[in-house]
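Chemist: Numbering (this note's numbering), first residue to last: 14 to 185.
For every residue, glycine included, the Cβ atom is placed at its ideal position computed from N, Cα and C.
(1) Which ranges does the beta strand (DSSP E) cover as unbroken runs of at least 3 residues, wholly within the segment 66-146, from first to last along the chain?
(2) What is the rounded straight-line gap between the Cα of residue 54 and the Cα of residue 92?
(3) For the structure I just gave you, are there three or more beta carbon pairs, one from the segment 109-124 and one from the segment 38-47, closer than 8 Å?
(4) With DSSP collapsed to three states, give me the class of residue 23.
(5) Restricting to Cα atoms, I'd like to know which of 25, 160, 65 is closest to residue 38.
(6) Between residue 63 and residue 158, what straight-line distance do the alpha-carbon atoms span, to the nearest angstrom?
(7) In the structure shown, what three-state DSSP assignment does residue 45 receive?
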C-alpha cells in the first residue's frame, strides 16, 4: 500500500515544491489581473507558469546538454509569443491587450526561471512585476498627462431622452 501511494505522489522529474512556487507566483499576478477584469486571470496565470516549468524541467531531465535547454527556452518564447498575440486586439483604431500579452510572456519567463531552479528569484521578480503593474496604474491616476491614447479612462455619457408627446406615438 505504501508503495502504491509513493508511486502516485512521485511526480519526478517534477517537484511538488516547485509546482507550489508556480501556483503562488501565478496566484499573485492572476489576482491583480482578475480583480481588474483583465484577461489572464488566476487559472491562466498558474497554468502558464506551471506549463513552462514542466517543459523546462523535462528538457533538463532529458539532456545534460545546455544547448538543448536553450532550444527549449527559444521554443517556449516563440510559442508564448503566439499566445500573447491572441490576447491583443484593435478597437476604435487603438491596440488593446498589450499589457496582458506582456504578462503572458512574463508568466512564461517565471515558469522557466522556476524550471531552472531559481525559485526565490521568481518570487522576487513576481513582486517586482506587481510593483510595476500597481505603481504605474497609480501614477496614471495621479498624472493626467499619462492618461492619453489607449491609457485614457473611458467615461460613459448618459444620453438624454427626448419625450415624444402622447398624441404622436399613435399611428393611424
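Modeler: For this structure:
(1) 102-104, 107-109
(2) 19 Å
(3) yes
(4) Coil.
(5) 65
(6) Rounded to whole angstroms, residue 63 to residue 158 spans 38 Å at the Cα level.
(7) DSSP places residue 45 in helix when its eight states are reduced to three.
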